[in-house]
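Colleague:
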Amino acid sequence: MPTVTYRCTNCLDHTLTREYDVSHFSIRCPNCGEFARFVHGGVLEQYEAFEESPPAELDWGRLGRMEKLVVAEKLVRQGKTLDDFEVEVDDGA
Ligand SMILES: [Zn+2]
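Counting from 24, one number per residue, gives the positions in the sequence shown under the working numbering.
1. Here's the rule I'm using: 16 or more other beta-carbon atoms within 10 Å means buried, otherwise exposed. How should K103 be labelled?
2. How would you write the range of the beta strand (DSSP E) that A59 sits in, first residue to last?
3. With 16 as the cutoff for other CB atoms within 10 Å, does Y43 come out buried or exposed?
4. Counting by C-beta, which residues lie closer than 7 Å to a heavy atom of ligand 1, in chain order?
5. Quick one: grab the DSSP three-state call for L39.
6. How is F108 classed by DSSP in three states: helix, strand or coil?
7. Consult DSSP for V27 and reduce its assignment to one of helix, strand or coil.
8. How many Å lie between F108 and F73 at the Cα?
9. Report the rounded CA-to-CA distance for L39 versus A95, giving the unit in angstroms.
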């Protein structure tokens, strides 16, 4: 049975493995004690890779943390590519 690793987005330290593949789930983290969101490990890796070197196709730095995770999730789990994203930058209009 393949398992998926999920990481706590609060402490970024604790990982849990589950036999199902979802983008994230929320549970009380046994490490930091927060009721935290655990994000799919592959999604978080993609997120961190973009934090290290932002993709040219996206205005990565302007996205919020959750938006970034959503983009990473779509790339990793839904087979999207960067071309699928139209990032609408709202310049305060
Ligand atoms: Zn935690």
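Glycine is no exception: its CB is placed at the ideal position from the N, C-alpha and C atoms.
This structure is a prediction, so every number in the text was calculated from the model and none was measured.
Modeller: Straight from the coordinates:
1. K103 comes out exposed.
2. F58 to H63
3. exposed
4. C31, N33, C34, D36, H37, C52, N54, C55, E57 and A59
5. strand
6. coil
7. V27: strand per DSSP, three-state reduction.
8. 15 Å
9. 19 Å
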